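Everything below concerns the one structure shown next.
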Amino acid sequence: GMAQEKGTLVSWLKAEGQSVKKGEPLMEVETDKAAVEVEAPASGILASVAANPGDEIPVGQRIAVILAPGESLSRESVEVKAVSTAPAAAPSAAPQRPFADKAPSLSPAGRALASPAAKRIAKEKGIDLSELKGSGPEGSIVAEDVLKAAQPKGPRIVPLTAMRRIIGSRMTKSKQEAPHFYVSMDVDMSEISRKRAEWKRQEKSVIPSINDFILWASGQALKDFPSLNSTLTERGIQLLSDINIGMAVAIEEGLVVPVIRNADRLTLQQLAAQSRELAEKAQKKKLFPLDYEGGTFTVSNLGMFGVDIFVAIINPPQCAILAVGQVAQRAVARGEEIVGRPMMTMTLSADHRIVDGVIGARFLAEVKRLLEKPPE
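Number 1585 in the working numbering belongs to position 292 of the sequence shown; there are no gaps in the numbering.
So, in structure tokens, the structure goes:
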């Protein structure tokens, strides 16, 4: 048998009050050598359960009784069969190797990995056994190891990457120094959706994305609103001669903002080609400093993630950023009718030290006009 003084109750295979038959698996117990199923010593009703899964129990200690049918514990005359953690003895005519079929699983190299009970508990609790260090013989993983791993853990510290530190520092500086204000406006994207579908049917080599249209429209509108393409200096507001639009690109480490230079001088097709090239370089981490320096205005688009509306933090030393949500079908009023249209919400964040709300509203109105009547 098992040369052990105690074992751990892994689980009850029958519930208290449930009928059991002699020889039927009743509970699962684990020692530092193996996990075993303890059979019912008699038929009857399981009662007076006095141990819970995870309890350590000396071998032979009574942890439940089996009542004969129709009897109760109150009658002293009833014959009750004690249930203990000691497994039933094997018949003398057919000696059985002590629990050989319940030994821990072995790797191809022959090293013990995990007991059956440990595997079952790990599966129930979604725990990866490869991440555990076993405390059983030859480093095998036993139920107690899995139960400990399943206990709630304390907070885990993830070190800040250099990129996260830079983003955090710049965004904190922006919110602390620049008094942000926000203006939102909805845009009917029906015409752009129609054009893109038509270009796809024609199999055009370069099909501008929704974001390309927004970058293009922003560049055109900024020509009429130079105060939004400026920066604040000690001498005053510096209006910038070039319109260089940054396009926020999410990568695994954080956010990078490659810049499309002289965006106002590019055709829609030229801008689309440049934005695609910059996005690919960003994802492959092949941007050069010249690719992300010198931005004067930024567009941040989270529409591809199903976001309807959000506000963005200004990227200093710039004075404004345009946040764009998804294009989604909405019910809108057209005259006296309610119709479905592909709509998009854009929100401008701007520095109140440089511009006022009316400038932001007029700028958005111009971007909206350009998007609702895009170039052929």
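Built from N, CA and C at the ideal position, the CB exists for glycine as well. In this text, all values refer to a predicted model and were calculated from it rather than measured experimentally.
- Excluding sequence positions up to five away, which residues of its chain have a Cβ less than 7 Å from the Cβ of residue 1313? What you label residue 1313 is simply residue 20 of the sequence shown in a count that begins at 1. 1307, 1319, 1333, 1336, 1337, 1339 and 1359, listed in sequence order.
- For residue 1559, collect the residues of the same chain with a Cβ closer than 8 Å to its Cβ; drop the 5 residues on either side in sequence, then sort them by chain order. Counting from 1 along the sequence shown, the entry for residue 1559 is found at position 266. For residue 1559, where only same-chain residues beyond five positions count, the Cβ hits under 8 Å are 1509, 1512, 1553 and 1567.
- By Cβ distance below 8 Å, which residues in the same chain neighbour residue 1599 in space, the five residues on each side in sequence not counted? As a position in the sequence shown, residue 1599 is number 306, starting the count at 1. Excluding sequence neighbours, residue 1599 sits near 1619.
- Query: Count the other CB atoms within 10 Å of the CB of residue 1644; is the residue buried (16 or more) or exposed (fewer)?
  - Reply: Walking along the sequence shown from the start, residue 1644 turns up at place 351. Under this definition residue 1644 is a buried residue.
- Neighbour-count burial assignment, residue 1537, 16 or more Cβ in a 10 Å radius: For the purposes of this step, residue 1537 is taken as residue 244 along the sequence shown, with counting starting at 1. Of the residues assessed, residue 1537 falls on the buried side of the cut-off, its CB having 16 or more other CB atoms within 10 angstroms.
- Query: Is the beta carbon of residue 1503 less than 8 Å from the beta carbon of residue 1492?
  - Reply: Here residue 1503 refers to the residue found at position 210 when the sequence shown is read from its first residue. Here residue 1492 refers to the residue found at position 199 when the sequence shown is read from its first residue. No, the pair does not count as a contact, with Cβ atoms beyond the cut-off.
- Item | Distance, residue 1303 Cα to residue 1409 Cα | The residue you call residue 1409 lines up with position 116 of the sequence shown. The residue you call residue 1303 lines up with position 10 of the sequence shown. The straight-line gap from Cα to Cα measures roughly 11 Å.
- Assigned exposure category for residue 1581 - 16 Cβ within 10 Å defines buried: To locate residue 1581, count along the sequence shown from 1; it is residue 288. With fewer than 16 other Cβ atoms within 10 Å, it is exposed.
- Item | Simplified DSSP assignment, three categories, for residue 1661 | In the sequence shown, counting from the first residue as 1, residue 1661 sits at position 368. If DSSP states are grouped into helix, strand and coil, residue 1661 belongs with the helices.
- Task: Throw me the rounded Cβ distance for the residue 1477 and residue 1591 pair, which I believe falls under 8 Å.
- Result: As a position in the sequence shown, residue 1477 is number 184, starting the count at 1. As a position in the sequence shown, residue 1591 is number 298, starting the count at 1. Actually they do not touch by this definition, with Cβ atoms about 17 Å apart.
- Grouping DSSP H, G and I as helix and E and B as strand, with all else coil, what is residue 1511? In the sequence shown, counting from the first residue as 1, residue 1511 sits at position 218. Of the three classes helix, strand and coil, the one that applies to residue 1511 here is helix, per DSSP.
- residue 1459 to residue 1466, Cα distance in whole Å? Residue mapping note: residue 1459 aligns to position 166 of the sequence shown, counting from 1. Residue mapping note: residue 1466 aligns to position 173 of the sequence shown, counting from 1. Near 11 Å, if we compare the C-alpha coordinates of residue 1466 and residue 1459.
- Burial state of residue 1514 (16 or more Cβ within 10 Å): Indexing the sequence shown from 1 puts residue 1514 at position 221. Classification for residue 1514: buried.
- Item | Spatial neighbours of residue 1517 in its chain, beta-carbon cut-off 7 Å, leaving aside the 5 residues before and after | Taking the sequence shown and counting its residues from 1, the one referred to as residue 1517 is at position 224. Result list for residue 1517: 1659, in chain order.
- Endpoints, the beta strand (DSSP E) within which residue 1456 is located: Residue numbering aside, residue 1456 sits at position 163 when the sequence shown is read from its first letter. Run containing residue 1456: none in the beta strand (DSSP E); it sits in the alpha helix (DSSP H), 1455 to 1470.
- Have a look at residue 1341 and residue 1421 and give me their C-alpha separation to the nearest angstrom. Position 48 of the sequence shown holds residue 1341. Position 128 of the sequence shown holds residue 1421. If you take the alpha carbons of residue 1341 and residue 1421, they lie about 35 Å apart.
- Query: Using the C-alpha atoms, what's the distance from residue 1570 back to residue 1487?
  - Reply: Against the sequence shown, residue 1487 aligns to sequence position 194. Against the sequence shown, residue 1570 aligns to sequence position 277. So the two alpha carbons sit approximately 25 Å from each other.
- Task: Could you tell me whether the Cβ atoms of residue 1642 and residue 1475 are closer together than 8 Å?
- Result: For the purposes of this step, residue 1642 is identified with residue 349 of the sequence shown, where counting begins at 1. For the purposes of this step, residue 1475 is identified with residue 182 of the sequence shown, where counting begins at 1. Result yes, Cβ atoms of residue 1642 and residue 1475 sit closer than 8 Å.
- Message: Just verifying my parser: in three-state terms, what is the DSSP assignment at residue 1606?
- Response: As a position in the sequence shown, residue 1606 is number 313, starting the count at 1. Residue state, collapsed to three classes: coil.
- Under the assumption that residue 1350 contacts residue 1299 (Cβ atoms under 8 Å), give the Cβ distance between them as a whole number of angstroms. Along the sequence shown, one-based indexing puts residue 1350 at 57. Along the sequence shown, one-based indexing puts residue 1299 at 6. At roughly 6 Å, the Cβ-Cβ gap stays under 8 Å, so residue 1350 and residue 1299 are in contact.
- Message: Please report the straight-line C-alpha distance between residue 1463 and residue 1632, rounded to a whole angstrom.
- Response: For the purposes of this step, residue 1463 is taken as residue 170 along the sequence shown, with counting starting at 1. For the purposes of this step, residue 1632 is taken as residue 339 along the sequence shown, with counting starting at 1. So the two alpha carbons sit approximately 43 Å from each other.
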